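**Student:** Which chain is which? The protein sequence lines are V and S, in order. Positions 25 to 210 (our numbering) are the ones given, in order, by the first sequence. Positions 41 to 568 (our numbering) are the ones given, in order, by the second sequence. Cβ coordinates follow ideal geometry from the N, Cα and C atoms, glycine included. Just so it is clear, the structure is predicted and the values come from calculations on it, not from any experiment. Quick one: this structure, given as structure tokens, is what I'll be asking you about.
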Amino acid sequence: MIDTDLGRKIVAVLLIVAAVIVGTVLVRRWIERHGEERPGLQVVPEETRSVTLYFASRQADGLVTETREIPVETGLESEVRAVMTALAAGPQGDDGVSAIPPGTLLLQAYWVEETLTLYLDFNRTISSAHPGGSAAEYYTIAQIVRTIQANFPQVRHLQILIDGYPVETIAGHYAVDKPIDVMKWR
Amino acid sequence: MTRTILLTVATVLAAAVLAGAAAAQNEPRRAEPDATLGVVYADGRRTEDVPVYRLEEDSEELFVSAYDLARIFRASRFWNPSARKLNLRIENRSFLFTIDTRVVVADESPVLLRVPVRYANGSVMVPLEFISEVLPRGTLGNVDLDEQRLVLTIGSPEYNVTGVTFEEDEHESRAVLALSEELLYHVDAETPGLLRLKIYGGKVNTLLIGATPGKGLFNRVRAEQTEHDAYLFFDVRRSAERFRVEFLDADRRSGLPNRLVIHLERGEQPEIPGVELAGRRMTEILDDADRGRGGAIVKVAIDPGHGGIDNGKVGPSGLLEKDVNLHLAVMLRELLAGQYGMEVLLTRTTDELVPLSRRAEIANEWGADIFISIHCNGWFHPDAGGFETFFLSPARTEEDIRLASEENASLQFEGTGIGSEDLGDLGFILWDMVQNEFISESSGLAELIQRELDKVLDIRNRGVKQAGLIVLKGCRMPAVLVETAFLSNPSEEKMLTDARFRQDLVRGIAEGISRFRSRFSGAGATSR
Chain V
25 MIDTDLGRKI VAVLLIVAAV IVGTVLVRRW IERHGEERPG LQVVPEETRS
75 VTLYFASRQA DGLVTETREI PVETGLESEV RAVMTALAAG PQGDDGVSAI
125 PPGTLLLQAY WVEETLTLYL DFNRTISSAH PGGSAAEYYT IAQIVRTIQA
175 NFPQVRHLQI LIDGYPVETI AGHYAVDKPI DVMKWR
Chain S
41 MTRTILLTVA TVLAAAVLAG AAAAQNEPRR AEPDATLGVV YADGRRTEDV
91 PVYRLEEDSE ELFVSAYDLA RIFRASRFWN PSARKLNLRI ENRSFLFTID
141 TRVVVADESP VLLRVPVRYA NGSVMVPLEF ISEVLPRGTL GNVDLDEQRL
191 VLTIGSPEYN VTGVTFEEDE HESRAVLALS EELLYHVDAE TPGLLRLKIY
241 GGKVNTLLIG ATPGKGLFNR VRAEQTEHDA YLFFDVRRSA ERFRVEFLDA
291 DRRSGLPNRL VIHLERGEQP EIPGVELAGR RMTEILDDAD RGRGGAIVKV
341 AIDPGHGGID NGKVGPSGLL EKDVNLHLAV MLRELLAGQY GMEVLLTRTT
391 DELVPLSRRA EIANEWGADI FISIHCNGWF HPDAGGFETF FLSPARTEED
441 IRLASEENAS LQFEGTGIGS EDLGDLGFIL WDMVQNEFIS ESSGLAELIQ
491 RELDKVLDIR NRGVKQAGLI VLKGCRMPAV LVETAFLSNP SEEKMLTDAR
541 FRQDLVRGIA EGISRFRSRF SGAGATSR
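As structure tokens, then:
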């Protein structure tokens with residue numbers, strides 16, 4: 025009898041504790057969700073930088089640009105990664121076509137200050153999902169080179185790697201086996 | 041019952057694991073490095089970790105990729121794919137590796153390694169024993185490999201720009217730079233009162249140069265060393281009118297070293313002409329004995345793009361670029377051989393994959409006068425269309441120029457390096473430089489083909505373009521690549537299946553070649 029009474033008390037206490045925890049979580053979540061609407065809790069926007077992305081024209085006869093705001097990152101390598109991710113995501117306007125195959129990811133960017141060389145290590149998709157054709161391959165490289173040139177003037181040479189290794193070409197035409205001089209490349 | 045199920049599951053799992061292991065062994069995978077080699081440089085380069093691999097089952101020997109090796113020692117790599125040979129030029133020395141053999145030909149004497157050189161992970165792999173045992177035997181100093189701790193220390197480079205002296209007479213002042221090897225240089229006089237001399241691959245003692253007082257029209261000189269190159273800055277007087285630079289070879293009899301002389305002439309007006317690119321050695325890298333220039337253009341190499349597992353572009357209705365390219369090439373051969381009396385060789389006559397660098401090699405070995413690569417274009421949007429013709433824009437980075445100069449220096453080096461005749465026999469070429477000297481002819485050929493195609497085709501003329509196309513790089517002859525039409529454009533894909541359109545294409549290309557022959561061949565060629 026006493027046992028049952030004690031058991032009931034324990035259950036009651038546990039229920040109250042559980043209710044308090046659930047209540048706190050719910051209230052906190054509500055505040056998080058609605059907090060932004062209240063002027064007092066407004067989130068300070070991240071510092072951003074405006075970058076220029078290069079895409080190809082529909083007719084494959086030139087490059088078109090679009091601008092994006094990307095969060096300011098610490099260090100060239102992380103900023104390059106943010107820009108390349110935006111580039112790989114494709115154009116937002118109707119004028120541009122992206123020659124970077126969908127699914128292409130920049131795995132890593134390495135900056136070698138001594139030689140002013142930027143190494144861009146992409147996943148294999150850039151090559152395996154490439155539809156072929158020299159115009160398509162040209163603009164794949166051109167979009168990368170011109171976007172880097174426009175946003176990172178300190179980069180003089182750029183080397184495209186795939187899965188960490190240098191490759192002869194992306195789709196069988198254009199040499200990318202050595203660092204590209206971003207000023208002279210065409 | 042339970043036991044039976046468990047047994048079945050275990051059997052299936054074991055089979056899967058075994059199958060997986062077998063598959064992994066068959067397919068060439070990127071092996072994880074077994075260790076890393078720390079490389080410490082005394083020349084200002086950042087310390088780096090280089091992956092090394094254990095490739096022999098019964099040996100602890102570690103291998104480093106030739107790619108890393110070349111970078112570490114600033115070597116030029118020459119590759120002969122058909123012979124599976126790799127030649128590394130490190131400073132004045134030459135090392136010849138053959139895949140799957142233990143012999144390394146160091147300069148001219150063979151050395152036996154404990155284990156063979158291998159090909160793995162997409163690269164020639166050289167045992168570390170090469171660095172510890174073979175490299176230090178010659179002149180190369182200050183290479184220290186600690187095999188226990190896996191640390192490689194590369195000592196400080198020797199200076200090759202050894203000093204500067206100034207001379208003066210009534211007409212001019214001269215700055216004479218002593219060089220221990222022949223180096224490429226570039227003079228820039230864009231800033232008034234300043235001559236900026238860049239010496240590719242130069243290693244200069246900046247303190248020594250800076251301590252040399254100027255004379256005559258030269259006020260002062262100071263030097264700077266970058267990772268690859270040396271810079272000298274000459275402050276010149278305003279009365280200097282023009283400059284001239286000459287390179288003087290070493291004179292054994294009088295004991296004079298190689299000299300780079302900057303002549304500065306006195307004048308009334310302070311006027312210094314513009315930039316002068318002194319690429320003297322660049323054009324002399326290859327002897328022109330077998331170039332067959334000035335003769336008739338009769339031998340045409342035609343390269344049908346892609347092939348084998350490489351389909352090239354696939355059209356929306358399934359037309360394969362490799363098939364179109366081959367058919368066009370065969371048609372072009374018939375036309376050139378029949379109507380124009382030329383000899384024609386195809387780099388492939390069947391549906392096979394010929395490596396890109398091999399294609400140029402086939403044309404080189406045959407002694408072709410012209411190289412034409414035939415392709416179809418492709419784009420992401422069906423609208424794009426037209427034809428275009430390419431010639432090579434050489435990827436002449438500073439690195440390439442430096443390598444070329446080192447290469448040349450090693451050819452100059454008497455006694456130890458292999459001579460240029462041997463070089464020819466082995467078929468080694470510094471690929472990126474070969475097409476450079478045919479650029480103007482290649483551009484002419486591209487223009488003529490594009491113009492003739494424009495006369496016969498009704499699709500868009502996209503013009504002549506210059507690009508770093510790898511298939512053209514190794515060609516020792518005028519070389520172009522024709523992008524005939526867009527397979528990604530449904531109406532052009534349809535045209536490409538049409539016999540009449542193919543006939544027009546081939547006629548345009550042949551007529552362009554014929555016009556090129558009339559313009560660039562020596563006398564007599566046009567009468568054929």
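Starting from the N-terminal side, write out each stretch of the alpha helix (DSSP H) that is 4 residues or longer and does not extend beyond the segment 473 to 498 of chain S.
**Tutor:** The segment 473 to 498 of chain S contains these whole alpha helix (DSSP H) runs: 479 to 496.
**Student:** Between G157 (chain V) and chain S, is there a C-beta pair that is closer than 8 Å?
**Tutor:** On the first sequence, residue 157 (chain V) is found 133 positions in, with the first residue counted as 1. It does; some Cβ of chain S falls within 8 Å.
**Student:** Would you call the CB atoms of G254 (chain S) and V261 (chain S) closer than 8 Å?
**Tutor:** The count along the second sequence starts at 1 and reaches residue 254 (chain S) at position 214. The count along the second sequence starts at 1 and reaches residue 261 (chain S) at position 221. Yes, the Cβ-Cβ distance between G254 (chain S) and V261 (chain S) is below 8 Å.
**Student:** Hey, quick one: how far does the beta strand (DSSP E) through L385 (chain S) stretch, first residue to last?
**Tutor:** In the second sequence, counting from the first residue as 1, residue 385 (chain S) sits at position 345. That run of the beta strand (DSSP E) goes E383 to L386.
**Student:** Measure how close the beta-carbons of V166 (chain S) and V151 (chain S) come, nearest whole angstrom, since I'm counting them as under 8 Å.
**Tutor:** Counting from 1 along the second sequence, the entry for residue 166 (chain S) is found at position 126. Counting from 1 along the second sequence, the entry for residue 151 (chain S) is found at position 111. Between V151 (chain S) and V166 (chain S) the Cβ distance is about 12 Å, and since that is not below 8 Å, they are no contact.
**Student:** Does DSSP put A195 (chain V) in a helix, a strand or coil?
**Tutor:** Residue numbering aside, residue 195 (chain V) sits at position 171 when the first sequence is read from its first letter. Coil.
**Student:** By DSSP, does A550 (chain S) sit in helix, in strand, or in coil?
**Tutor:** Your numbering for residue 550 (chain S) matches position 510 in the second sequence. DSSP places A550 (chain S) in helix when its eight states are reduced to three.
**Student:** On the criterion of 16 or more Cβ atoms from any shown chain inside 10 Å, does W209 (chain V) qualify as buried, or is it exposed?
**Tutor:** Residue numbering aside, residue 209 (chain V) sits at position 185 when the first sequence is read from its first letter. Buried, by the Cβ-count rule.
**Student:** Bridge partners of K125 (chain S), per DSSP?
**Tutor:** If you number the second sequence from 1, residue 125 (chain S) lands on position 85. DSSP, once it has assigned bridges, lists S:N120 and S:T138 as partnering K125 (chain S).
**Student:** Tell me the rounded alpha-carbon separation between D108 (chain S) and L372 (chain S).
**Tutor:** Numbered from its first residue, the second sequence carries residue 108 (chain S) at position 68. Numbered from its first residue, the second sequence carries residue 372 (chain S) at position 332. So the two alpha carbons sit approximately 43 Å from each other.
**Student:** Can you list the residues of chain S that Q83 (chain V) reaches, using a CB-CB cut of under 7 Å?
**Tutor:** Counted from its first residue, the first sequence places residue 83 (chain V) at position 59. D423 and A424, listed in chain order.
**Student:** Going along chain S in order, which residues have a C-beta closer than 7 Å to the C-beta of E192 (chain V)?
**Tutor:** Translated into positions along the first sequence, residue 192 (chain V) becomes position 168. Correct list: L396 and I510.
**Student:** Express the C-alpha separation of M382 (chain S) and D409 (chain S) in angstroms, rounding to a whole number.
**Tutor:** Locating residue 409 (chain S) in the second sequence gives position 369, where the first residue counts as 1. Locating residue 382 (chain S) in the second sequence gives position 342, where the first residue counts as 1. So the alpha carbons of these two residues sit roughly 10 Å apart.
**Student:** Can you give the Cα-Cα distance for G162 (chain S) and G503 (chain S), rounded to whole angstroms?
**Tutor:** For this step, residue 162 (chain S) is matched to residue 122 along the second sequence. For this step, residue 503 (chain S) is matched to residue 463 along the second sequence. Taking the straight line from one Cα to the other gives about 37 Å.
**Student:** Within a Cβ cutoff of 7 Å, which residues of the same chain sit near A110 (chain S), ignoring the five residues on either side of it in sequence?
**Tutor:** The sequence position of residue 110 (chain S) within the second sequence is 70, counting from 1. Taken in chain order, the residues that qualify are R117 and L128.
**Student:** Buried or exposed, going by whether 16 or more other CB atoms sit within 10 Å of the CB of W419 (chain S)?
**Tutor:** As a position in the second sequence, residue 419 (chain S) is number 379, starting the count at 1. Burial call: buried.
**Student:** Got a sec: which bits of the segment 340 to 355 of chain S sit with their beta carbon under 8 Å from any beta carbon on chain V, in order along the chain?
**Tutor:** Residues G345, H346, D350, N351, G352, K353 and V354.
**Student:** Go to T149 (chain V), then tell me how far its alpha helix (DSSP H) extends in each direction, as first and last residue.
**Tutor:** By one-based count along the first sequence, residue 149 (chain V) stands at place 125. Per DSSP, T149 (chain V) belongs to the alpha helix (DSSP H) from T149 to S152.
**Student:** Taking CB distances under 8 Å as the criterion, tell me whether F113 (chain S) reaches chain B.
**Tutor:** No chain B appears in this structure, whose protein chains are V and S.
**Student:** Starting from V511 (chain S), trace the beta strand (DSSP E) in both directions and tell me its first and last residue.
**Tutor:** Here residue 511 (chain S) refers to the residue found at position 471 of the second sequence. Element bounds for V511 (chain S): not the beta strand (DSSP E) but the alpha helix (DSSP H), I510 to K513.
**Student:** For chain V, is any of its Cβ atoms less than 8 Å away from the one on F478 (chain S)?
**Tutor:** Within the second sequence, the letter at position 438 stands for residue 478 (chain S). Not one chain V Cβ lies under 8 Å of F478 (chain S).
**Student:** Quick check: what's the CA-CA separation for V384 (chain S) versus T390 (chain S)?
**Tutor:** For the purposes of this step, residue 384 (chain S) is taken as the residue at position 344 of the second sequence. For the purposes of this step, residue 390 (chain S) is taken as the residue at position 350 of the second sequence. Distance between the alpha carbons of V384 (chain S) and T390 (chain S): 16 Å.
**Student:** When the Cα of G250 (chain S) is compared with those of S:G484, S:G203 and S:I479, which residue comes out closest?
**Tutor:** Position 210 of the second sequence holds residue 250 (chain S). Nearest of S:G484, S:G203 and S:I479 to G250 (chain S), Cα basis: S:G203.
**Student:** On the DSSP bridge list, what partners appear for W135 (chain V)?
**Tutor:** In the first sequence, the residue the question calls residue 135 (chain V) occupies position 111. According to DSSP, W135 (chain V) bridges with V:L142.
**Student:** Answer yes or no: do A519 (chain S) and F427 (chain S) have a C-beta to C-beta separation smaller than 8 Å?
**Tutor:** Your numbering for residue 519 (chain S) matches position 479 in the second sequence. Your numbering for residue 427 (chain S) matches position 387 in the second sequence. Taking 8 Å as the Cβ cut-off, A519 (chain S) and F427 (chain S) do not qualify as a contacting pair.
**Student:** What span of residues does the alpha helix (DSSP H) with T252 (chain S) cover, start to end?
**Tutor:** Residue mapping note: residue 252 (chain S) aligns to position 212 of the second sequence, counting from 1. Looking at the DSSP string, T252 (chain S) is not in any alpha helix (DSSP H), and its letter there is neither H nor E.
**Student:** Identify which residue in V:P125, V:Q173, V:A84 and V:L185 has its Cα closest to the Cα of V107 (chain V).
**Tutor:** Within the first sequence, the letter at position 83 stands for residue 107 (chain V). Selected option, being the one with the closest Cα: V:Q173.
**Student:** For P297 (chain S), which residues in the same chain have their Cβ closer than 8 Å to its Cβ, ignoring the five residues on either side in sequence?
**Tutor:** Here residue 297 (chain S) refers to the residue found at position 257 of the second sequence. Excluding residues within five positions, the ones whose Cβ falls inside 8 Å are T202, A218, L219, S220 and A290.
**Student:** Out of S:L527, S:L536 and S:M517, state which residue places its alpha-carbon closest to the alpha-carbon of F560 (chain S).
**Tutor:** Mapped onto the second sequence, residue 560 (chain S) falls at position 520. Of S:L527, S:L536 and S:M517, the residue nearest in Cα terms is S:M517.
**Student:** Which residue marks the beginning of the alpha helix (DSSP H) containing V522 (chain S), and which one marks its end?
**Tutor:** Along the second sequence, read from residue 1 onward, the residue named residue 522 (chain S) stands at position 482. Unbroken run through V522 (chain S) is the beta strand (DSSP E), A519 to F526; no alpha helix (DSSP H).
**Student:** Helix or strand or just coil, what does DSSP make of Q265 (chain S)?
**Tutor:** The sequence position of residue 265 (chain S) within the second sequence is 225, counting from 1. Correct three-state label for Q265 (chain S): strand.
**Student:** Does DSSP put I186 (chain V) in a helix, in a strand, or in coil?
**Tutor:** Counting from 1 along the first sequence, the entry for residue 186 (chain V) is found at position 162. Three-state result, I186 (chain V): strand.
**Student:** Measuring only the C-alpha atoms, how far is S102 (chain V) from V90 (chain S)?
**Tutor:** Here residue 102 (chain V) is taken as the residue at index 78 of the first sequence, counted from 1. Here residue 90 (chain S) is taken as the residue at index 50 of the second sequence, counted from 1. Taking the straight line from one Cα to the other gives about 23 Å.
**Student:** Identify the continuous beta strand (DSSP E) that holds H226 (chain S) and give its terminal residues.
**Tutor:** Translated into positions along the second sequence, residue 226 (chain S) becomes position 186. Counting along the chain, the beta strand (DSSP E) containing H226 (chain S) begins and ends at Y225 to D228.
**Student:** Mapping DSSP to helix, strand and coil, what is Q173 (chain V)?
**Tutor:** Mapped onto the first sequence, residue 173 (chain V) falls at position 149. The answer is helix: DSSP assigns Q173 (chain V) an H, G or I state.
**Student:** Tell me the DSSP secondary structure of N501 (chain S) in three-state form.
**Tutor:** Position 461 of the second sequence holds residue 501 (chain S). N501 (chain S): strand per DSSP, three-state reduction.
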